[in-house]
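Residue numbers 13 to 108, in the numbering used here, belong to the letters of the sequence shown in order. These notes are about the structure you will find just below.
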Amino acid sequence: MLCDTTFYGKRKDKLATVVFCDTIENEVLLWRHVDSEKSKYYKEMLQQLLSLGYTVNAVTIDGKRGLNTVKVCPIQMCHFHQKIVDRYIVNPRVFC
Numbered sequence: 013m014l015c016d017t018t019f020y021g022k023r024k025d026k027l028a029t030v031v032f033c034d035t036i037e038n039e040v041l042l043w044r045h046v047d048s049e050k051s052k053y054y055k056e057m058l059q060q061l062l063s064l065g066y067t068v069n070a071v072t073i074d075g076k077r078g079l080n081t082v083k084v085c086p087i088q089m090c091h092f093h094q095k096i097v098d099r100y101i102v103n104p105r106v107f108c
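Spelled out as structure tokens, the structure:
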């Protein structure tokens with residue numbers, strides 16, 4: 013399963029959509045329009061999926077707010093966001 017929040021427009025505090033996707037079946041399982049990215053949305057939507065009978069084996073997430081929310085299964089930060097972290101570790105912006 014993959015979950016992510018996508019923002020629309022130039023201001024990131026206006027409108028967004030939280031999406032939970034099944035990566036094996038390649039289908040959107042659940043989505044919700046929100047005004048910001050909050051961990052409560054991830055938690056509520058994950059509980060909704062579990063109550064509908066879905067079994068969650070693992071979740072790929074961007075590593076931000078939702079990461080601490082999901083505790084019922086293994087969590088992995090997506091490859092793209094891992095590379096961003098690697099870049100900051102290898103090339104820090106702080107000069108000694």
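Positions of the beta carbon are idealized from the N, C-alpha and C atoms, including for glycine.
- Counting along the chain, the unbroken alpha helix (DSSP H) around Glu56 starts and ends at 51-63.
- According to DSSP, residue pairing for Asp47 in a beta bridge does not occur.
- For Ala28, the enclosing beta strand (DSSP E) has its first and last residue at 27-34.
- Sequence-distant Cβ neighbours of Arg44 in its own chain, meaning closer than 8 Å and more than five residues away, are Thr29, Val30, Tyr53, Met57.
- If you look at Val71, you'll find it in the beta strand (DSSP E) that goes 71-73.
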